[in-house]
Amino acid sequence: MSTKRGQIQIDGFHSEHVEDRDALAEWTDEKQEEVSSRWRKIVRQLLHDRIALIGGAFVLFMLFWALFSRPLTLYGVTVQPFEVVPYDPMQTRIADPWMSPSLDHPFGTDSLGRDLFSRVMFGTRFSVTIGIIVTAIATVFGVIYGAISGYFGGRVDDVLMRIVDMVFAFPGLVLVLVIVAMLGRGYWQLVVGFTAVGWAGYARLIRGEVLKVKQNEYVMAAKALGARDRKVLFRHIVPNSIAPVIVQATLSIGGVVIGVAALGFLGAGLILPFHVSDVAVERVLRLLRTAPAFFPCRRTPSYRPSNAC
Amino acid sequence: MSLRRFIAQRLLVSVPVMFGVSIITFALVHLTPGDVVDIIIGINPRVGPGEAEQLRRDLGLHRPIYIQYIDWLTDVLQGDFGETYSMGPSAGSLVKSRLPETVALGIFAWVFAMVIAIPTGIYAAVRKGKLGDDVSRFVALAGVSIPNFWLGLMLIAIFAVTFDLWPVLDPQSSLLSREMLWWLVLPGITVGTAASAQLMRIMRTSMGEELNKEYVTAARAKGLPERTVILKHVLRNSLISVVTVAAFLTASIVAGSVVVEVVFGWPGIGQLFISAINQREINLILAITLFTGIAIVIANLLADIIYALLDPRIRNEY
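For the record, the sequence lines run as chains P and H. If you count the first sequence from 1, you need to add 889 to reach the numbering used here. If you count the second sequence from 1, you need to add 3 to reach the numbering used here.
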């Protein structure tokens, strides 16, 4: 039937006709530069996705604000000398207090006559970095914790997961509030608080994935070849189960930023030189409460008889 | 596994978690720098170092931390949460006096979330991929992303200041008075919005899954009107996961109400918690943290039990 004995002939597949082939499919050591085409493929995909482009542009814009709003000094060395804020965000009495938005002050001014636009620009730096730092630490710790729990299973898993249950028993914000109340207000105190709450979610997520992935044959193969637990877990299992964690982590950066703002609103956020947009919100609340004359006067006069509209 | 055995098993698992919750609460407050005496000195700087030492001895703070914990837990189990230093009544009675307001807010938010989420979820699932689905998904995404304090402020600015439908200040009367119940609507909606957005997404997904099952085809093949198929057959099965998730939502409703109570001046536990933190009332902070923690463990336990009641298959998975 076939021309050569012992050879299987495959019909319908002609390798020379395959055009778009994964760069890694024919991997050899000399083909190092081929791998970069995989990245190029990702970039090409990204450029075709309009929503991803808009989102990416917005993120870059925020990062630009965070970085260039004011000069950045690390340990006395000026790393970034540019300043794009129109006014000094700390300078009081730049204009009259409580000004409405105008061309000079796009967001208006606050109770001390500071320019809110500059303050929001500068504040981005703290919000964005807290979000990123917290998510990074919480993810690394959560992944290691959850992976160990899922991999070893049994008694270890029971104990480790009950601890996660305990963290989940508190509403996140309440726990962060207690931690910040006990440690005092400040940038790193907020990082500690949000990390202490955030890691548990990642631990639970990756544990579930590890439970699934560890059933695979290649895990058994690695074990059979004598690989140590640590290597099996972090070389073979974790890289194959990390995808949902990464998705979750990117989504939760925004959650942390909103959480920090909520804490600032409650008076437990960043201290004076830092606090920016959050406190503005509280001021607006107080203004709404005590001086409604600033708003279109259509309210009952019963609460403030002195307020003649 | 019988239902009774399932409940017993879940109860057994919850007890150590509750102890853990009390340990975490206690450790958070006592293992961080600064103790009660430092706070008393902060209030009254005339206390000398000798007196401070005496005070620590009187309060039992010189003993090992685990003894202090056991003492505290024994008191708590007997219903004694300790005194407050600057607020007057004991921590336990303060929590008790604010409880009805917070429970009312939570129930309003919860009912609001269900009333909004279930019909829109059904609508979105039935019209999957069409305009109505897209719109409701967009609104749900917005509802999840909007910070609740901002939403609260906007509600005050729009409905109280501009349209004059609500007073601008909280009415400061008892919970069951007419003004107070009317005032409850705004904070209730604010807390409920995020919960309802989450619930709506779950309703849509679970409804969508159920719609693909064979019994739906069978019901349609029998010639049942689409309305009966959706409302009688599919809805029942897809409500299972919604009811369960709704019980799990307790935690986010509690967290949301802390912020929202401050925005609206709602006299509940959340506001009490913030003033406890500002005045560093350690016993009150302990009481509220422990209380919310235990409440959420119980709510999650109930969620598990409801799930097992509604869907007997679950009982064997634990």
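Every residue, glycine too, gets a C-beta built ideally from N, C-alpha and C.
Proximal residues of chain P, C-beta to C-beta of residue i below 9 Å
| i | result |
| --- | --- |
| H/SER199 | Correct list: empty, because the minimum Cβ distance to chain P is about 18 Å. |
| H/VAL261 | PRO1060, LEU1062, VAL1063, LEU1066, ALA1151, LEU1155 |
Assigned exposure category for residue i - 16 Cβ within 10 Å defines buried
| i | result |
| --- | --- |
| H/GLU284 | buried |
| P/ASP1167 | For P/ASP1167, the predicted structure reports a pLDDT of 47, less than 50, and the residue's modelled location is therefore unreliable. A value from the coordinates is still provided. That one is buried. |
| P/MET1071 | buried |
| P/GLU1109 | Looking at the sequence shown, residue 1109 of chain P is not Glu but Met. That one is exposed. |
| H/ASP41 | exposed |
| P/HIS937 | exposed |
| P/THR1139 | exposed |
| P/PRO978 | buried |
| P/LYS1103 | buried |
| P/GLY973 | At residue 973 of chain P the sequence reads Val, which differs from the Gly that was named. Label assigned to P/VAL973: exposed. |
| P/LEU1161 | Confidence at P/LEU1161 is low in this model, with a pLDDT of 46, below 50, so its placement is unreliable and the value that follows should be read with caution. Exposed, by the Cβ-count rule. |
| P/ASP999 | buried |
| H/ASN215 | exposed |
| P/ALA1036 | buried |
| P/ASP1004 | buried |
| H/MET206 | buried |
| H/THR105 | buried |
| P/VAL1134 | buried |
| H/LEU15 | exposed |
| H/ASP307 | buried |
| H/VAL261 | buried |
| H/SER100 | exposed |
Separation of residue j from residue i, as counted between CA atoms
| i | j | result |
| --- | --- | --- |
| P/SER989 | H/SER177 | 38 Å |
| H/VAL266 | H/LEU154 | 10 Å |
| H/LEU287 | P/VAL1086 | 21 Å |
| P/LYS930 | P/LEU956 | 29 Å |
| P/LEU1177 | H/ILE243 | Low confidence applies here, because P/LEU1177 scores a pLDDT of 49, under 50, leaving its location unreliable and the question unanswered by this model. |
| P/THR1018 | H/ALA107 | 38 Å |
| P/HIS1164 | P/PRO986 | Because the pLDDT of P/HIS1164 is 41, which lies under 50, any placement of that residue in the model is unreliable, and the question is left without a value. |
| H/GLY23 | P/VAL948 | 40 Å |
| H/PHE111 | H/VAL246 | 16 Å |
| P/THR967 | P/VAL1063 | 38 Å |
| H/ASN303 | H/PRO103 | 21 Å |
| P/VAL1053 | P/ARG1093 | 7 Å |
| H/ALA258 | H/ALA221 | 44 Å |
| P/ASN1129 | H/ALA55 | 57 Å |
| H/MET183 | H/GLY191 | 12 Å |
| P/GLY1143 | P/VAL1023 | 11 Å |
| P/TYR1076 | H/TYR126 | 45 Å |
| H/ARG49 | H/LEU58 | 13 Å |
| H/LEU34 | H/ASN47 | 23 Å |
| P/SER991 | H/PHE152 | 25 Å |
| H/GLY231 | H/VAL219 | At residue 231 of chain H the sequence reads Thr, which differs from the Gly that was named. Between H/THR231 and H/VAL219, the C-alpha separation is close to 11 Å. |
| H/ILE299 | H/THR253 | 6 Å |
| H/PRO315 | H/SER17 | 21 Å |
| P/PRO975 | H/VAL237 | 58 Å |
| H/ARG181 | H/GLY268 | 17 Å |
Proximal residues of chain P, C-beta to C-beta of residue i below 7 Å
| i | result |
| --- | --- |
| H/ALA254 | PRO1060 |
| H/VAL300 | ALA1058 |
| H/ALA258 | PRO1060, GLY1061, LEU1062, VAL1063 |
| H/ILE277 | LEU1155 |
Contact belief for residue i with residue j at Cβ below 8 Å, rounded distance in angstroms
| i | j | result |
| --- | --- | --- |
| H/VAL98 | H/ILE272 | 6 Å |
| H/GLY211 | H/ALA116 | With a Cβ gap of about 20 Å, H/GLY211 and H/ALA116 do not count as contacting. |
| H/MET21 | H/ALA120 | Between H/ALA120 and H/MET21 the Cβ distance is about 30 Å, and since that is not below 8 Å, they are no contact. |
| P/LEU1155 | H/ILE70 | That belief does not hold up - the Cβ atoms of P/LEU1155 and H/ILE70 are roughly 34 Å apart, past 8 Å. |
| P/ARG1117 | P/GLY1039 | With a Cβ gap of about 17 Å, P/ARG1117 and P/GLY1039 do not count as contacting. |
| H/ILE256 | H/ALA198 | 6 Å |
| P/HIS1125 | P/ALA1111 | 5 Å |
| H/SER25 | H/LEU293 | 6 Å |
| P/VAL1149 | P/SER1007 | So it is not a contact: roughly 19 Å between Cβ atoms. |
| H/VAL32 | P/VAL1067 | 7 Å |
Closer than 8 Å at the beta carbon, the chain P residues around residue i
| i | result |
| --- | --- |
| H/ASN281 | GLY1156 |
| H/VAL265 | PHE1154, LEU1155 |
Partner residues on chain H for residue i, Cβ-Cβ distance less than 7 Å
| i | result |
| --- | --- |
| P/MET1055 | VAL20, GLY23, VAL24, ILE27 |
Contacts that residue i makes with chain H (C-beta to C-beta distance below 8 Å)
| i | result |
| --- | --- |
| P/ILE1052 | GLY23 |
- prompt: Listed in chain order, which residues of the region 19-37 of chain H have Cβ atoms closer than 7 Å to some Cβ of chain P?
  reply: Residues passing the 7 Å Cβ filter: PRO19, VAL20, GLY23, VAL24, ILE27, LEU31, VAL32, THR35.
query: Mind listing which residues of the region 129-163 of chain H have their C-beta closer than 8 Å to chain P's C-betas, in chain order?
result: Along the region 129-163 of chain H, going in chain order, the ones with a CB nearer than 8 Å to a CB of chain P are SER148, PRO150, ASN151, PHE152, TRP153, LEU156, ILE159, ALA160, ALA163.
- prompt: At a Cβ cut of 7 Å, what residues of the region 287-298 of chain H count as close to chain P, listed as they run along the chain?
  reply: Those residues of the region 287-298 of chain H that come within reach of chain P (Cβ to Cβ, closer than 7 Å) are ILE288, THR292, THR295, GLY296.
- prompt: When Cβ atoms are compared, which residues of the region 1124-1152 of chain P fall closer than 8 Å to chain H?
  reply: Under the 8 Å Cβ criterion, the region 1124-1152 of chain P contributes GLY1143, ILE1147, ALA1150, ALA1151.
- request: Return the residues of the region 67-82 of chain H that lie within a Cβ-Cβ distance of less than 8 Å from chain P, sorted by chain order.
  value: Listed by position, the residues of the region 67-82 of chain H near chain P (Cβ gap below 8 Å) amount to none.
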